[in-house]
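Structure, as structure tokens:
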Amino acid sequence: MFITISDENEWESFVEIFIEMEKYHHGEVEITKEAMGNYLRKRVFDKDSGTEIYKVTINSSLAAFACTSIMYPAPLYAGQMFIKQIFVSEKYRNLGIGKSLMSYLAKKALEKECLRLDWLSDKHNLQVQNFYQSIGGEVLETVNYFRLSGTRLAELAVSSK
Numbered sequence: 025m026f027i028t029i030s031d032e033n034e035w036e037s038f039v040e041i042f043i044e045m046e047k048y049h050h051g052e053v054e055i056t057k058e059a060m061g062n063y064l065r066k067r068v069f070d071k072d073s074g075t076e077i078y079k080v081t082i083n084s085s086l087a088a089f090a091c092t093s094i095m096y097p098a099p100l101y102a103g104q105m106f107i108k109q110i111f112v113s114e115k116y117r118n119l120g121i122g123k124s125l126m127s128y129l130a131k132k133a134l135e136k137e138c139l140r141l142d143w144l145s146d147k148h149n150l151q152v153q154n155f156y157q158s159i160g161g162e163v164l165e166t167v168n169y170f171r172l173s174g175t176r177l178a179e180l181a182v183s184s185k
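Numbering-wise, this note's numbering puts 83 at position 59 of the sequence shown, and it's gapless, one number per residue.
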């Protein structure tokens with residue numbers, strides 16, 4: 025197993041696993057390889073996206089990935105690494121890959137002088153909750169996570185002057 029950071033030219037090798045991830049989270053949605061490839065190339069892997077993509081390979085196969093960003097400001101002149109997505113392909117689950125990847129990300133966060141490593145998870149997925157708690161993650165009860173989307177996002181945007 026190798027964990028490395030990806031460069032912007034590797035987007036094509038992520039098309040299949042990103043489609044798998046979308047179907048895992050959103051059901052059997054119709055996603056074409058072409059559309060996903062364009063999304064990865066133009067958005068996720070774009071040098072200006074602010075995203076670092078870490079990959080786990082086993083025998084040259086892409087087994088898992090994580091997308092992270094470092095956010096500022098954070099307490100004590102540090103950064104806060106945020107994991108936007110972490111995904112292990114189905115055939116590679118329960119092999120310790122998730123723990124290895126989280127450990128690697130924790131190391132990277134410290135190397136980049138971040139005092140925190142944060143992420144979100146589906147609160148109804150008990151297996152995921154148990155996994156994150158087993159590696160020392162804690163659920164924060166002191167903050168609320170807000171979102172604007174769809175009509176509400178558009179309405180607020182229209183009110184901007």
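Heads up, the beta-carbon is just placed ideally off N, CA and C, and yes, glycines get one too. Everything numeric in this text was worked out from a predicted model, so none of it was measured.
> Whole alpha helix (DSSP H) runs in the stretch 53-106 with 4 or more residues, listed along the chain?
Replying inline: 57-63
> Taking the C-alpha atoms as reference points, what is the distance between Ser-30 and Asp-70?
Replying inline: 12 Å
>> Is the separation between the beta-carbon of Phe-89 and that of Met-60 shorter than 7 Å?
In response: no
> Among residues of its own chain, excluding the 5 on either side of Ile-186, which ones have a beta-carbon nearer than 7 Å to its beta-carbon?
Replying inline: Only positions 25 to 185 of the chain appear in this structure, which leaves residue 186 out of reach.
> Using the rule of at least 16 other Cβ atoms within 10 Å of the residue's Cβ for burial, across every protein chain shown, is Thr-92 buried or exposed?
Replying inline: Here Thr-92 is buried, its C-beta having at least 16 other C-beta atoms within 10 Å.
> For chain B, is any of its Cβ atoms less than 7 Å away from the one on Asp-142?
Replying inline: Protein chain content of the structure displayed is limited to a single chain, and chain B is not contained in it.
> In terms of alpha-carbon separation, which member of Glu-54, Leu-150, Glu-46, Ile-27 lies closest to Glu-114?
Replying inline: Glu-46
>> Classify Lys-136: buried if its beta carbon has 16 or more other beta carbons within 10 angstroms, exposed otherwise.
In response: It is exposed - the Cβ of Lys-136 has fewer than 16 other Cβ atoms within 10 Å.
> Can we say the stretch 103-113 touches the stretch 128-135, given the rule of at least three CB pairs closer than 8 Å?
Replying inline: yes
>> In the DSSP output, which residue or residues are listed as bridge partners for Arg-140?
In response: Its beta-bridge partners are Gln-104.
>> I believe Arg-140 touches Ala-181 by the beta-carbon criterion, under 8 Å. Please report the beta-carbon distance rounded to the nearest angstrom.
In response: Incorrect: roughly 30 Å between the Cβ atoms, too far for contact.
>> Here's a check: name, in chain order, each residue in its chain whose Cβ is nearer than 6 Å to the Cβ of Met-95, leaving out the five neighbours to either side.
In response: Gln-104, Phe-106
>> Less than 7 Å between the C-beta atoms of Phe-170 and Thr-81, yes or no?
In response: 7 Å or more divides the Cβ of Phe-170 from the Cβ of Thr-81.
>> Using only the alpha-carbon positions, how far apart do Val-68 and Ile-55 sit?
In response: Approximately 16 Å, taken between the alpha carbons.
>> So, at 6 Å on beta carbons, what are the nonlocal neighbours of Val-112 in its own chain, with the 5 sequence-adjacent residues on each side left out?
In response: Ala-88, Ile-121, Gly-122
>> Closest to Leu-100 by C-alpha separation, out of Gln-157, Arg-65, Cys-138, would be which residue?
In response: Cys-138
>> Which same chain residues end up closer than 7 Å to Leu-172 when comparing Cβ atoms and leaving out the 5 residues on each side of it in sequence?
In response: Leu-180
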